[in-house]
Amino acid sequence: QENKSLAPEESESESVYSIVEQCSLPSKKNKNKAKTHSASCSKMQGGDSDRLVSEQMHFQQFDGDQTLIGNESITPYACFYGPSVKKVKAGWLDKLSPQGKRMFQKRWVKFDGDSISYYNNEKEVFSKGVILLSAIATARVHGENKFEVVTSHRTFVFRVDKEEERNDWVNTILNALKSQSDNNPQSRTSVTPEKSGYLELKGYKAKIFILLQGNTVWICKNEQDFKTGFGITLIPMNVANVKQVDRTAKQSFEIITPYKSFSFTAESEREKQDWIEALQQSIAETLSDYEVAEKIWFNESNRSCADCKAPNPDWASINLCVVICKKCAGQHRSLGPRDSKVRSLKMDASIWSNELIELFIIIGNKRANSFWAGNLPPDEELHMDAPAEKRIEFITQKYKEGKFRKLPIFPLHDKALCAAVVKQDVLETLMLLFSGADAMCATGDPVYSTPYLLAKKAGQRLQMEFLYHNKFSDFPNYDTCFESGFSEDSSHPTFLCEFLYKVASNSAKLLTEKKLKEDCNKRWCTLESGFLSYYENDKTTTPNGMIDINEVICLVVHKSDFFLNRWDIFTFEIYLISERVFLFGAETAYSQRKWTWAIAKRFVPPVAECLLERDFDLLGQLYYKDCHNLDQWRKGWFAIEKSSLYFCLEMENAEEDSIYLRRLQELTISSVVQNGEKIDVLLLVEKGRTLYIHGHTKLDFMVWYTAIEKAAGTDGNALQDQQLSKNDVPIIVNSCIAFVTQYGLGSKQIYLKNGDSSNVAELLESFKKDARNVKLRAGKHQLEDVTDVLKSFLSQIDDALLTKELYPFWISALDTQNEKERVRKYGAFIRTLPLVNRATLAALIEHLYRVQKCSEINHMNPHNLAMVFSSCLFQTKGQTSEEVNVIEDLIKNYVQLFDINEDQVKQMDIENSFITRWKDTQVS
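Using the working numbering, you'd call the opening residue of the sequence shown number 1272 and step up by one each time.
Structure follows, in structure tokens:
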């Protein structure tokens, strides 16, 4: 039974510790492989001793890198394995279950020096629970033959047969704690995971928290358990395989080990594929070869990421000569393969020639960053926990824009490059090449006509290696080609030049998939002096056409969900006042951002430049009227970013304002006649604010209307992604509560009666599609259908209303016997909820409080209501007495929890009295 559901024992807040010690050195599983290649390395050293001595002498020339040769017996070809001596203990113990019957259960318990894990029997490989050593505060004797393992969140009680056995367990744990304190290791729960999230796991009732960290999958009841050091079990991926499972309407996959298979189900096909990809990547890395990494890490500066300082980076950009971590490597790829050639130190063994490895050892991150980050202010440094958007911004600025470069002092770059490649200093060559020198420039020598051939003539192997990987790099000359793409100084002319994909038409109606395929051609494009010109190629001097940026009224940036993106083309559309539409596509997201920003900078006036700071999906000019002046249409500048509409209106000292589109109370389109011409007008109402807008043309108006309608709609299954009322409560919740309050307070067994399943499904789908336009009406909609819709919605949102993360805290509050103190704890939990969760909970509990005040009529007291809603609010299948007790407490103490004053309570009683008297309006 314990394997079928999250029984109290498995509900314990326990997290899992990795079996494999993770450090900058290779794991023990590669020990045999390491011994083999160490022997071959020794053989190679014997044959190339002169070259190694020469390299060591070369190392001595570098400031700050003398540590590379501090010990002549250590070479970049050595392998190191530190001994691991930890006290291991295992045996049968009685463990006290934390909840329910509070009885002792026999468990096989193991302590491996890192964690305590317990099993049904000694033959099981996967535990029922794990307690990290880092989560343990102390271990102590507790009564006759018992001892306690104390953590910050709970205490585990174990019982043994003999006193001396008990003492040995306590001493073993205490000694491990002391050793941990002396060594002060980094907690594994603080290491950023490769992927995490909630999934269904076959055999368990509720969704559980899964986390992939390194080569280990952790299984915990929730994220809070993992953070506090408790878990259920872990799966080492070095003995696992991943397989998709074909099930009807199920996004399932399995992790298969020699001992047991784990079957998971994700919310969507996309999420399933993301998990499979991450797990397969983990498996591949467990089988990786550490030889290259060990050699490159010989240079101490290569042991931390060149961009974010993350430890033990195992990726590199082989043309930029920097060693980087996995997260930064992902962002380097977005620069494009011509700008950053990303390779793994562990998996791309074939690319790592002796010369390339030697190049990375000699240059190293410290020397490379003396150029790339020579002028990097400390407050602009990238931190290892930075989000993806911050990471790509920094990496783009550092490498693509050269924002932090140390400027070289060489005036004639090409000539200086030809002189540098015949010498040993590759860093000088790197600085010249990425400051504007041409890797394929003419040398003046008819035989050795390129810098690469000059290096070959001089016998400079490392110069040849570096030039080989950079002969086709696509970095601009910072002094000429990219004058001010992202410059804040508007006095400089914006100049861009690049190949873009282009489609042109006279009407957006013609931008069909067929049209795009037929007319999408690569064109050389330039942006200069307010004109975007496009040419047949970069050799022709006469443009095929020109766009006057001053005629632009609307700019659309397609971030995703656009069918050209399947070609990895990042598109944007330009709408002109003449009703012409141009569609362009860039090969990278960075290039798309660069062009759209430069175009926007040209046609948006200074008064609205604040809109350019937004990561906009749509930007342009519209006519508007608002409550300040409903008589006259004026021009304003608008931008859509995700679900917000930002705007700068034509008023004195006008500042940027915004409307949260999901909170719109009204979004309607109508037609009016102006100057004898019929125009479409869009009305937006949010929190009492009214705004009318219309476009310059029918074409750009439809673009804005479509974008606003999409941004204002439901986008996903999360609570915050729903259409909201002015009080930040999902409209579906508000509508159902209002309907039940008006027609159901006097209905017996309200919320216990079942509605028609087909009607419920249809109504729920209508709310999800466009809740703003669903109007519940007596006679048309049945009370039982509406109550089922409310319960279904709360049960199906991505996370529980009370959040799965806080589940153990809600339940543990019941241990507090003093009701006043218990309510205080509930209040603290409520304040930590996200805004929409908090507002929705307040509205729902107010409604249930109102319903129970009429319990003499409807027979729904707080306990009965809690029985109905506990599984909805916690999203558990079935229910426990603890969950019911929590919800009952919330209903009973609504007034105290949400600071409701006496007048509000009296008003509620008056309203209830009126409503329940109107028997003829009740729907039963």
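All C-beta atoms in this analysis are idealised placements derived from N, C-alpha and C, irrespective of residue type, glycine included.
Could you compute how far the alpha carbon of H2118 sits from the alpha carbon of L1990?
Taking the first residue of the sequence shown as 1, we reach residue 2118 at position 847. Taking the first residue of the sequence shown as 1, we reach residue 1990 at position 719. Spanning the two alpha carbons is a distance of roughly 19 Å.
Within a Cβ cutoff of 6 Å, which residues of the same chain sit near P1584, ignoring the five residues on either side of it in sequence?
In the sequence shown, residue 1584 corresponds to position 313, counting from 1. Excluding sequence neighbours, P1584 sits near C1576, V1594, I1595 and C1596.
Residues in the same chain with beta-carbon distance under 7 Å from S1605, minus the five sequence neighbours each way, listed in chain order, please.
Here the question's residue 1605 lines up with position 334 in the sequence shown. These residues qualify, in order along the chain: I1663, T1859, A1860 and Y1861.
List in chain order: all unbroken beta strand (DSSP E) runs of 3+ residues lying wholly within the region 1797 to 1824.
1802 to 1806 and 1816 to 1819
Starting from I1634, follow the alpha helix (DSSP H) in both directions and report where the run begins and ends.
Taking the first residue of the sequence shown as 1, we reach residue 1634 at position 363. Run containing I1634: N1625 to W1643, per the alpha helix (DSSP H) assignment.
Below 8 Å, how does it come out for the region 2053 to 2065 and the region 2021 to 2037: are there three or more Cβ pairs, yes or no?
yes
Give the straight-line distance between the Cα atoms of R1378 and E1435, rounded to the nearest whole angstrom.
Here residue 1378 refers to the residue found at position 107 of the sequence shown. Here residue 1435 refers to the residue found at position 164 of the sequence shown. So the two alpha carbons sit approximately 19 Å from each other.
Measure the alpha-carbon distance for M1702 versus L1688 and round it to whole angstroms.
Translated into positions along the sequence shown, residue 1702 becomes position 431. Translated into positions along the sequence shown, residue 1688 becomes position 417. Rounded to whole angstroms, M1702 to L1688 spans 9 Å at the Cα level.
Look at N2183 and R2121 and say whether their C-beta atoms are less than 8 Å apart.
Counted from its first residue, the sequence shown places residue 2183 at position 912. Counted from its first residue, the sequence shown places residue 2121 at position 850. Yes. Within cutoff.
Look up C1768 in the DSSP assignment and give the residues it is bridged to.
Here residue 1768 is taken as the residue at index 497 of the sequence shown, counted from 1. T1797, per the DSSP bridge assignment.
Pairwise C-alpha distance: F1382 and T1499:
Taking the first residue of the sequence shown as 1, we reach residue 1499 at position 228. Taking the first residue of the sequence shown as 1, we reach residue 1382 at position 111. Taking the straight line from one Cα to the other gives about 18 Å.
Whole-angstrom Cβ separation of I1950 and V1943, contact assumed at under 8 Å?
Numbered from its first residue, the sequence shown carries residue 1950 at position 679. Numbered from its first residue, the sequence shown carries residue 1943 at position 672. At roughly 6 Å, the Cβ-Cβ gap stays under 8 Å, so I1950 and V1943 are in contact.
Tell me which same chain residues have a C-beta within less than 8 Å of the C-beta of A1310, skipping the five on either side of it?
Locating residue 1310 in the sequence shown gives position 39, where the first residue counts as 1. Only weak support is given to the placement of A1310: the predicted model assigns it a pLDDT of 36, under 50, and the value that follows is read from those uncertain coordinates. No residues qualify anywhere along the chain.
Would DSSP call R2102 helix, strand or coil?
Taking the first residue of the sequence shown as 1, we reach residue 2102 at position 831. Helix, per DSSP.
Beta-bridge pairing of K2280 - partner residues as DSSP gives them:
Not covered by the structure: residue 2280. The range shown for the chain is 1272 to 2195.
Could you say which of D1902, G1635, L1883 and N2108 lies nearest to F1918 if we only look at CA atoms?
For this step, residue 1918 is matched to residue 647 along the sequence shown. Comparing Cα positions, the closest option is L1883.
For N2005 and L2112, what's the separation of their Cα atoms in angstroms?
As a position in the sequence shown, residue 2005 is number 734, starting the count at 1. As a position in the sequence shown, residue 2112 is number 841, starting the count at 1. Rounded to the nearest angstrom, the two C-alpha atoms are 11 Å apart.
Run the CB neighbour count on I2181, radius 10 Å, all protein chains shown included, and call it buried at 16 or more, exposed below.
Numbered from its first residue, the sequence shown carries residue 2181 at position 910. So I2181 counts as exposed.
Scan the region 1468 to 1512 and note each continuous beta strand (DSSP E) run of 3 residues or more that stays entirely inside, going in chain order.
1479 to 1484, 1487 to 1491 and 1504 to 1507
Identify the continuous beta strand (DSSP E) that holds H1965 and give its terminal residues.
The sequence position of residue 1965 within the sequence shown is 694, counting from 1. It spans R1960 to H1965 - the beta strand (DSSP E) in which H1965 sits, taken as one unbroken run.
Leaving out five residues on either side along the sequence, give the residues of the same chain with a beta carbon under 7 Å from the beta carbon of G1318.
Mapped onto the sequence shown, residue 1318 falls at position 47. Caution is warranted here: a pLDDT of 36 is assigned to G1318, below 50, making its placement in the model unreliable, and no coordinate value can be reported.
With a CB to CB cut of under 7 Å and the five nearest residues on each side skipped, what residues in its chain are close to R2188?
Here residue 2188 refers to the residue found at position 917 of the sequence shown. Same-chain partners within the cutoff: there are none.
Applying the criterion that 16 or more other CB atoms from any shown protein chain within 10 Å of the CB defines a buried residue, is C1898 buried or exposed?
As a working note, residue 1898 is residue 627 in the sequence shown. It counts as exposed.
For R1864, does the count of other Cβ atoms within 10 angstroms reach 16, so buried, or fall short, so exposed?
Numbered from its first residue, the sequence shown carries residue 1864 at position 593. Buried, by the Cβ-count rule.
Determine contact between the region 1395 to 1402 and the region 1525 to 1533, defined as no fewer than three beta-carbon pairs at a distance below 8 Å.
yes
Taking 8 Å as the cut-off, decide whether the C-beta atoms of N1646 and F1675 are in contact.
Counting from one through the sequence shown, the residue named residue 1646 turns up at place 375. Counting from one through the sequence shown, the residue named residue 1675 turns up at place 404. Yes, Cβ-Cβ distance for N1646 and F1675 is below 8 Å.
Alpha helix (DSSP H) segments (min. 4 residues) lying fully within the region 2065 to 2133
2078 to 2083, 2090 to 2103, 2106 to 2123 and 2126 to 2129
Tell me the DSSP secondary structure of T1867 in three-state form.
Taking the sequence shown and counting its residues from 1, the one referred to as residue 1867 is at position 596. DSSP places T1867 in helix when its eight states are reduced to three.
If you pair each beta-carbon of the region 1502 to 1512 with each one of the region 1469 to 1487, do three or more pairs fall below 8 Å?
yes
Beta bridge counterpart(s) of W1586 as assigned by DSSP
Mapped onto the sequence shown, residue 1586 falls at position 315. Answer by DSSP bridge pairing, in chain order: I1595 and S1615.
Touching by the beta-carbon criterion (3+ pairs, under 8 Å), the region 1465 to 1478 and the region 1405 to 1415
no
For D1928, which residues does DSSP report across the bridge?
One-based indexing of the sequence shown puts residue 1928 at position 657. DSSP, once it has assigned bridges, lists F1918 as partnering D1928.
Backbone secondary structure at S1450 - three-state DSSP:
By one-based count along the sequence shown, residue 1450 stands at place 179. Correct three-state label for S1450: helix.
Between the beta-carbon of H1654 and the beta-carbon of C1599, is there less than 8 Å?
What you label residue 1654 is simply residue 383 of the sequence shown in a count that begins at 1. What you label residue 1599 is simply residue 328 of the sequence shown in a count that begins at 1. No, the pair does not count as a contact, with Cβ atoms beyond the cut-off.
What separation, rounded to the nearest whole angstrom, lies between the Cα atoms of M2176 and G1485?
The sequence position of residue 2176 within the sequence shown is 905, counting from 1. The sequence position of residue 1485 within the sequence shown is 214, counting from 1. Here residue 2176 is Val; the residue named in the question, Met, does not match the sequence. Going by the C-alpha atoms only, they are around 55 Å apart.
Using the three-state DSSP reduction, which class does F1665 fall into: helix, strand or coil?
Along the sequence shown, one-based indexing puts residue 1665 at 394. Reduced to three states, the DSSP call for F1665 is helix.
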